[in-house]
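Enquirer: So that we are looking at the same thing, I have put the structure below in structure tokens.
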Amino acid sequence: MKLFPVLLATIAVLAFTVMPAAALPGLSIDAAVSVPLPTGDFADAAKTGIGAGVDVFAGLPMLPLKVGGRVAYNRFGHDVGDGNTSIIEILPSVRYELGLPLGIFKVFGQVGAGLYNWRSTVKVGGFEVDDNGTEFGMSFGVGANAMNFMVMPMYEVMFDDNNTSFVSLNVGMRF
């Protein structure tokens with residue numbers, strides 16, 4: 036299934052169509068690709084994945100605090116058998132930025148809490164297991180941007196039976 040290229044193209048189109056809106060004071064849009072690395076028990080079954088996401092934030096007047104959200108897609112391969120796990124995250128988030136208001140370099144911290152929709156398919160021999168669900172989870176990230184280039188590693192955890200977690204290394208552009 037070639038969902039990732041379609042998702043990446045959709046994110047690019049959305050980013051460039053909303054780019055003029057980013058000229059509004061206090062509004063920022065980050066479009067990024069990512070390399071999610073499974074951690075904990077999830078790392079025993081999943082391989083390093085690929086992902087893409089968009090973060091949109093609106094600034095609060097006279098404060099370094101921004102409110103907004105994150106929508107992202109992550110896809111992991113499996114160590115055993117043939118198959119994959121895909122995770123869609125929808126997270127309302129808060130971002131705290133440090134740096135001069137008109138400076139070209141800023142450091143920020145980001146915290147989000149919301150829903151993770153996952154689907155896992157595994158094929159071993161003649162058997163296939165297909166499972167899916169939606170779980171509550173959180174993300175914690177620290178990043179930096181300079182001249183509209185953004186880097187942000189994030190720790191993400193889904194509060195399911197296994198507390199599925201991964202570290203997502205995001206690199207992208209800010210509009």
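Residue numbers (the working numbering): 36 to 210. From the three backbone atoms N, C-alpha and C, an ideal C-beta is built for every residue, glycine too.
1) Assuming Ser69 and Ser203 are in contact, meaning their beta carbons sit under 8 Å apart, how far apart are those beta carbons, in whole angstroms?
2) Under DSSP, the alpha helix (DSSP H) around Asp79 begins and ends at which residues?
3) Is it buried or exposed for Lys82, if we count other Cβ within 10 angstroms and need 16 for buried?
4) On the criterion of 16 or more Cβ atoms from any shown chain inside 10 Å, does Leu126 qualify as buried, or is it exposed?
5) Is it right to say Gly112 is buried, meaning 16 or more other beta carbons lie within 10 angstroms of its own, or is it exposed?
6) Would you call Asn167 buried or exposed, if buried means 16 or more other Cβ atoms sit within 10 Å of its Cβ?
7) Tell me, which residues are paired with Thr120 by DSSP?
8) Please state the DSSP three-state secondary structure of Phe210.
9) With DSSP as the reference, label Asp166 as helix, strand or coil.
10) CB-CB under 6 Å to Met118, same chain, minus the five flanking residues each way: which ones, in chain order?
11) Any idea if Tyr131 is buried or exposed, counting beta-carbon neighbours within 10 angstroms, 16 or more meaning buried?
Expert: Quick answer:
1) 5 Å
2) Phe77 to Ala80
3) exposed
4) buried
5) So Gly112 counts as exposed.
6) exposed
7) Phe111 and Ser155
8) coil
9) Note: Asp166 maps to strand in three-state DSSP.
10) Before going on, a small fix: residue 118 reads as Gly here, not Met. Cβ neighbours of Gly118 beyond the five flanking positions: Thr156, Val157 and Lys158.
11) That one is exposed.
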